[in-house]
Every structure is written in C-alpha cells, then in structure tokens.
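Student: If you read the sequences in order, they're chains X and W.
Count along the first sequence from 1, then add 69; that gives the number in this note's numbering.
Count along the second sequence from 1, then add 318; that gives the number in this note's numbering.
Got a structure here, written out as structure tokens. Questions coming.
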Amino acid sequence: AASPAASPACRSLCHRHQLFINFRDLGWHKWIIAPRGFMANYCHGECPFSLTTSLNSSSYAFMQALMRAVDPQVPQAVCIPTKLSPISMLYQDNNDNVILRHYEDMVVDECGCG
Amino acid sequence: FHFQENLFLQFLGLDKMPSPEKFQPVPSILKKIVQDREAEAAAGVAQDLCYVKELGVRGNMLRLLADRGFFLYSKKLSQDNFCLQKLLYFNLSAISREEQLTMARLGLDLGPNSYYNLGPDLEVSLSVAREPHVSGRSFPKPGRRMALQSVPRPQGALHFNLLDMAQDWNNNPQKNLGLFLEILVREDRGSGVHFQLEDTCARLRRSLHASLLVVTLNPAQCHLSSRKRR
Numbered sequence: 070a071a072s073p074a075a076s077p078a079c080r081s082l083c084h085r086h087q088l089f090i091n092f093r094d095l096g097w098h099k100w101i102i103a104p105r106g107f108m109a110n111y112c113h114g115e116c117p118f119s120l121t122t123s124l125n126s127s128s129y130a131f132m133q134a135l136m137r138a139v140d141p142q143v144p145q146a147v148c149i150p151t152k153l154s155p156i157s158m159l160y161q162d163n164n165d166n167v168i169l170r171h172y173e174d175m176v177v178d179e180c181g182c183g
Numbered sequence: 319f320h321f322q323e324n325l326f327l328q329f330l331g332l333d334k335m336p337s338p339e340k341f342q343p344v345p346s347i348l349k350k351i352v353q354d355r356e357a358e359a360a361a362g363v364a365q366d367l368c369y370v371k372e373l374g375v376r377g378n379m380l381r382l383l384a385d386r387g388f389f390l391y392s393k394k395l396s397q398d399n400f401c402l403q404k405l406l407y408f409n410l411s412a413i414s415r416e417e418q419l420t421m422a423r424l425g426l427d428l429g430p431n432s433y434y435n436l437g438p439d440l441e442v443s444l445s446v447a448r449e450p451h452v453s454g455r456s457f458p459k460p461g462r463r464m465a466l467q468s469v470p471r472p473q474g475a476l477h478f479n480l481l482d483m484a485q486d487w488n489n490n491p492q493k494n495l496g497l498f499l500e501i502l503v504r505e506d507r508g509s510g511v512h513f514q515l516e517d518t519c520a521r522l523r524r525s526l527h528a529s530l531l532v533v534t535l536n537p538a539q540c541h542l543s544s545r546k547r548r
C-alpha cells in the first residue's frame, strides 16, 4: 500500500512509498519467527532541478541538476534512500537451529534526491 | 517469484527454504533482543549492531544450536542415585571461518517445576565426552569434568560458559565429540520414595532440553560500524 501524496501535483515528486510484506502471504511464517513481515519501503518520484534543494537532496544532487541544465547528457538526480534503519530477523534453519541476525540499512526511512 | 526467493535465502545464508515441523523453544533473551532492536529502530535510535548489550558481548549473529545428542542407558542408572545420562552434541559447522566466537553458553532446561510438585534436589555433572577405547563400542565415555552443580528444585534453566571449548571445537572439528551430561538425585533412596524418584527421572528425560547459544562477530560486517562510531 503506497502512502498517499499531499496533492496531485506533488504525487510524482520523490518521496518514500510505504510497502509492508507479510511473511504469511509468502509462506515464510513457517520458518521466520520474528518479525511478522518486512517494511519494504521504497523511494520513487522525480527530482526536478527546481526542487532539488527542497527534496531532502544532497549538495551533489543540486550540482548534478545544475550541470544537467548546462549539458543534457548529464543524468538527472535520482530518488534514493537518504536514511535507512536496520532490522533483526529471528528464524529457524534447516537444522532446527534458531538464528538471530542483524541486517544493517534494510528499511527505508527517508528518501531524497542524490 | 521463485528466483527472487532463492536470492533472499542466500542473503540469509540458507541453502534452501527451511521447513521445520515445529518451532524450537526460543529463549526469552533472544525475544528481548529482537523486541529492543525493533523498538530502537522505530524510535530512530542509533544502534550498534555489532554489540549485543543484553549479553555484554561483541557480535552480529546469534545462533541457538539444537542438541543433536542422545540418551544413554546403562546399568549404572539403577544404582548410585543416577537419574539420567545423555550425550550433548552441537554441530558448529554453520560458523564460517570469517566469524569470531565471542560467546558460547550452554543452556540446560530441566523442565517445568512448581512448589506444588516439588521433586528431589539434583546434581548435574558435565564432562567432556571422550572416544571409547574399547573397539566395537560406539558409546562415548565421560572425560574431564567441567562442572558439577547442585540444583535445588524448583529451578529454571542452568547456564554454563563453553566459550573456550567451543573455540577449540570450531578450530578443530574432529575434537568435537560432545559433552557428557549426568544427572543424579540427591535424596536417599528410602523405601517410600523409590517410585517417586523413578517418576522424577522419567519426567526429566521427557522435559530436558539443551541448547548452545553462540554469538559470533564477523569483522568484515562490523568494520563499518566501528568506523562510524569513531
């Protein structure tokens, strides 16, 4: 389920889209003990030059957008994760061992142009 | 979707999709670690994923290894207040060469007990298993004793530090012959309590659950975090 944008005009701009994958839907609940699902948020949207400074952008995104204005061959700044958080997964392997593993930078918290 | 599923399993370090018949009991400490980390992530608190503060050790992967051993039955069980003998065996082969062992804790759960159904006090003896010298016999024998602990009932899970031993096993897998567990009852076998003791031992055999909690640190995965902290 994607999060609603503020207005139709802003809908196409770079922002975070919320997406929750329930492990039960995949049958993975039979071996993953926790969590029950994964927040597979993703970044999507345009990064127009006029808004690169306001869309949580890096300084380089602004520079890139500026260069693109001069030379169209320079690629446009893209919508990417700017803040990520880790997750911990508790699951059972094929040998009945219980594994707790931490994965860094797994969940998209914020997006921006870069 | 099958292709992506395989990739995900590889990412987790699994060859194929696990299909456990039932979930192993998960110690409360593991549940607490998961809940704490989820709460910190939700609150946006910076986390050091290479330090397990609940256990006070460095590490980024925790494994609760299932016991692959078996019960031993001998004539000794009918004398000297012996209750049960069991070989405990933990397969450490899943630990890769890159990982450093930082903790190995044996957990012995002697099963539920209550003040309404008090059993006799127990004595738990833990020895290194050694190969039998008699040819043709496959049963292991107790070697060097590692721990001898009196256990008043009721009692929760018992824990034993096996870090040195696990490191030795991990470096030399052929040395891993397991552990020899013996449980004795400490009450005298009076005529009136004989049946009760046998009942206690039978109950212990049914409810005994052993597991080895192993924490490892992969320096390659934790290098970035330590640099970030500096």
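No residue lacks a Cβ here, since even glycine has one placed at the ideal position from N, Cα and C.
Please list the partners that W/PHE341 has in chain X, where partner means a Cβ-to-Cβ separation under 7 Å.
Tutor: Those within 7 Å of W/PHE341 in chain X are ILE102, GLN161.
Student: I'd like to know whether the C-beta of X/ALA70 is nearer than 7 Å to at least one C-beta of chain W.
Tutor: Residue confidence is low: X/ALA70 scores 44 on pLDDT, short of 50, so the model does not pin down where it sits. No coordinate-derived value is stated.
Student: Listing by chain order, which chain X residues have their CB less than 9 Å from the CB of W/GLU356?
Tutor: Under the 9 Å cutoff, chain X gives ALA103, PRO104, ILE156, SER157.
Student: Counting only beta-carbon separations shorter than 7 Å, does X/ALA74 have a partner in chain W?
Tutor: With a pLDDT of 49 at X/ALA74, under the threshold of 50, the predicted position of this residue should be treated as unreliable, and no value is reported.
Student: Got a sec: is the Cβ-Cβ distance from X/HIS171 to anything in chain W below 7 Å?
Tutor: Yes - at least one Cβ of chain W is within 7 Å of the one on X/HIS171.
Student: Note down the Cα distance separating W/LEU373 from W/GLN403, rounded to an integer number of angstroms.
Tutor: If you take the alpha carbons of W/LEU373 and W/GLN403, they lie about 30 Å apart.
Student: Looking at C-alpha atoms only, which residue of W/LYS459, W/ARG462, W/ARG423, W/ASP439 is the closest neighbour of W/ILE347?
Tutor: Out of W/LYS459, W/ARG462, W/ARG423, W/ASP439, W/ARG423 has the C-alpha closest to the C-alpha of W/ILE347.
Student: Output, in chain order, the set of chain X residues within a Cβ distance shorter than 8 Å of W/ILE351.
Tutor: Result: SER157, LEU169.
Student: Indicate the three-state DSSP secondary structure (helix, strand or coil) for W/GLU372 in the structure shown.
Tutor: In the structure shown, W/GLU372 sits in coil (DSSP, three-state: anything other than H, G, I, E or B).
Student: Quick one: is X/ASN166 near chain W, going by C-beta distance under 7 Å?
Tutor: With 7 Å as the cut-off, X/ASN166 counts as an interface residue toward chain W.
Student: Please list, in chain order, all residues of the same chain as X/ALA70 whose beta carbon is under 6 Å from its beta carbon, the five residues on each side excluded.
Tutor: The pLDDT assigned to X/ALA70 is 44, lower than 50, so where the model puts this residue is not dependable, and the model offers no usable value.
Student: Touch check for the segment 321–340 of chain W and the segment 129–140 of chain X: three-plus C-beta pairs under 8 Å?
Tutor: No contact exists between the segment 321–340 of chain W and the segment 129–140 of chain X.
Student: Compare the Cα-Cα distances from W/LEU410 to each of W/ALA520, W/PHE400, W/ARG386 and report the closest residue.
Tutor: Measuring from the Cα of W/LEU410, the nearest candidate turns out to be W/ARG386.
Student: Would a C-beta distance cut-off of 7 Å place X/TYR111 and X/HIS86 closer than the cut-off?
Tutor: Contact: yes.
Student: Taking only beta-carbon positions, decide if W/ARG381 is within less than 7 Å of chain X.
Tutor: Yes, its Cβ sits closer than 7 Å to a Cβ of chain X.
Student: To test your reading of the DSSP string, which unbroken alpha helix (DSSP H) runs of 4 or more residues are found completely within the segment 325–369 of chain W?
Tutor: Complete alpha helix (DSSP H) runs here, min 4: 346–360.
Student: Report, in whole angstroms, the separation of the C-beta atoms of W/VAL469 and W/LEU440, which I expect to be a contact under 8 Å.
Tutor: So it is a contact: roughly 4 Å between Cβ atoms.
Student: Determine the contact status of X/ASP79 and X/LEU124, defining contact as a CB-CB distance below 7 Å.
Tutor: The question names Asp, yet the displayed sequence has Cys at residue 79 of chain X. No, they are not a contact pair.
Student: Using only the alpha-carbon positions, how far apart do X/TYR160 and X/PRO141 sit?
Tutor: Whole-angstrom Cα-Cα distance: 49 Å.
Student: Tell me which residues share the same chain as W/LEU382 and place their Cβ nearer than 6 Å to its Cβ, disregarding the 5 neighbours each side in the sequence.
Tutor: Within the same chain, W/LEU382 has close Cβ partners SER529, LEU531.
Student: For W/ARG448, which residues from the same chain have a beta carbon less than 6 Å from its beta carbon, with the 5 sequence-adjacent residues on both sides left out?
Tutor: These residues qualify, in order along the chain: LYS459, GLY461.
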